[in-house]
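A quick write-up on the structure given underneath.
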Ligand code: ASP
């Protein structure tokens with residue numbers, strides 16, 4: 014029996030990247046680890062959860078440890094995973110857990126629900142055995158202090174205060190899945206839910222493909238960007254689907270980034286923000302890109 018070519022594509026957030034080398038190293042680790050699982054015949058959802066988990070543990074990325082803080086100084090995190098069969102699990106505004114993506118995975122596997130929020134999500138995590146963990150870093154505290162010094166209008170967060178990590182994979186059975194985890198935006202209101210954990214917005218998968226989005230969550234939600242891109246993949250390859258969606262976002266002056274894979278395993282990526290770190294692995298080779306102006310490829 015033939016098996017499909019496996020592949021994984023990850024992003025480390027769209028916005029402005031201050032430390033491209035650290036982003037590249039973190040992405041490289043996540044991509045290789047996810048790909049390794051795919052080689053060992055893991056299903057796509059396992060691989061994307063594992064890749065995102067590694068990025069959550071790396072304070073360079075805005076998710077898990079190192080998540081951005083609300084005006085109240087809390088790290089309220091969002092994460093979700095979805096596979097092409099429509100199975101979905103998400104948590105939003107979850108606090109005090111090391112790996113929101115693992116809790117999201119448990120929501121998908123162990124409950125009849127799709128999304129748990131706030132206190133309920135934390136209670137579920139504790140019952141599932143996830144111990145209390147403080148994800149707040151000194152860097153996130155410093156960023157919040159900076160925000161208070163210059164909050165601007167207070168309504169439209171600066172791109173420097175964002176980020177997110179995401180992964181999309183195709184396994185040897187040709188099944189796709191996506192996972193996204195976000196520490197949100199510095200200085201947001203407590204209780205604010207971003208796009209990452211919302212089905213069809215920051216995370217979406219279907220028989221034609223899967224995507225993970227990053228950028229200004231409110232705009233991604235309005236556009237239902239994840240679903241829009243995967244819908245396009247019904248009739249076009251991932252690269253074209255993402256490029257068309259990104260041009261539309263550019264026209265609407267939205268700050269977004271997208272990575273995706275279609276059912277044939279071809280990749281798509283794009284962003285309207287100044288920078289985005291992303292990379293993919295297919296045919297046992299890693300391609301890493303730090304799209305920090307000027308664009309440069311880091312390894313190949
Ligand atoms: N999309 C995330 C949010 O709005 C942030 C980001 O990806 O930069 O919470």
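Numbering (my numbering), first residue to last: 14 to 313. Even glycine gets a Cβ: it sits at the ideal position worked out from N, Cα and C.
8 Å Cβ shell around residue 247 - same chain, five flanking residues per side excluded: Taking the chain shown and counting its residues from 1, one reaches residue 247 at position 234. By the criterion of a C-beta distance shorter than 8 Å, residue 247 is surrounded in its chain by 221, once the five residues flanking it on both sides are discounted.
The region 122–141 / the region 37–48 touching (three or more Cβ pairs under 8 Å): no
CA-to-CA distance, residue 86 to residue 250, given in whole angstroms: Against the chain shown, residue 250 aligns to sequence position 237. Against the chain shown, residue 86 aligns to sequence position 73. Their Cα atoms are separated by approximately 42 Å.
Between the CA atoms of residue 274 and residue 99 - distance to the nearest angstrom: Residue mapping note: residue 99 aligns to position 86 of the chain shown, counting from 1. Residue mapping note: residue 274 aligns to position 261 of the chain shown, counting from 1. Going from the Cα of residue 99 to the Cα of residue 274 covers about 16 Å.
Supposed close pair residue 295, residue 20 - CB separation, criterion 8 Å: Looking up residue 295 in the chain shown gives position 282. Looking up residue 20 in the chain shown gives position 7. So it is a contact: roughly 4 Å between Cβ atoms.
Uninterrupted alpha helix (DSSP H) stretches inside the region 101–177 (no shorter than 4 residues): 113–123, 131–140, 151–162
Range of the contiguous alpha helix (DSSP H) that encloses residue 93: Position 80 of the chain shown, counted from the start, is the residue given in the question as residue 93. No alpha helix (DSSP H) contains residue 93, which is instead part of the beta strand (DSSP E) from 90–96.
Three-state secondary structure assigned by DSSP to residue 288: Here residue 288 refers to the residue found at position 275 of the chain shown. Correct three-state label for residue 288: strand.
C-alpha distance - residue 54 paired with residue 229, whole-angstrom precision: As a first step, residue 54 must be located in the chain shown, where it is residue number 41. As a first step, residue 229 must be located in the chain shown, where it is residue number 216. The straight-line gap from Cα to Cα measures roughly 35 Å.
Any non-hydrogen atom of the ligand ASP closer than 8 Å to residue 36 Cβ: Looking up residue 36 in the chain shown gives position 23. No, since every heavy atom of the ligand ASP falls outside the 8 Å radius drawn around the Cβ of residue 36.
Cβ neighbours of residue 201 in the same chain (closer than 6 Å, five flanking residues each side left out): Along the chain shown, one-based indexing puts residue 201 at 188. For residue 201, where only same-chain residues beyond five positions count, the Cβ hits under 6 Å are 83.
Residues bridged to residue 214 (per DSSP): Here residue 214 corresponds to residue number 201 of the chain shown, with the count starting at 1. Bridge partners of residue 214: none, in fact.
Residue 274 - DSSP class collapsed to helix/strand/coil: As a working mapping, residue 274 is identified with position 261 in the chain shown. Three-state DSSP puts residue 274 in a strand.
Among 63, 129, 123, the one whose alpha carbon lies nearest that of residue 112: As a first step, residue 112 must be located in the chain shown, where it is residue number 99. Closest by alpha carbon: 63.
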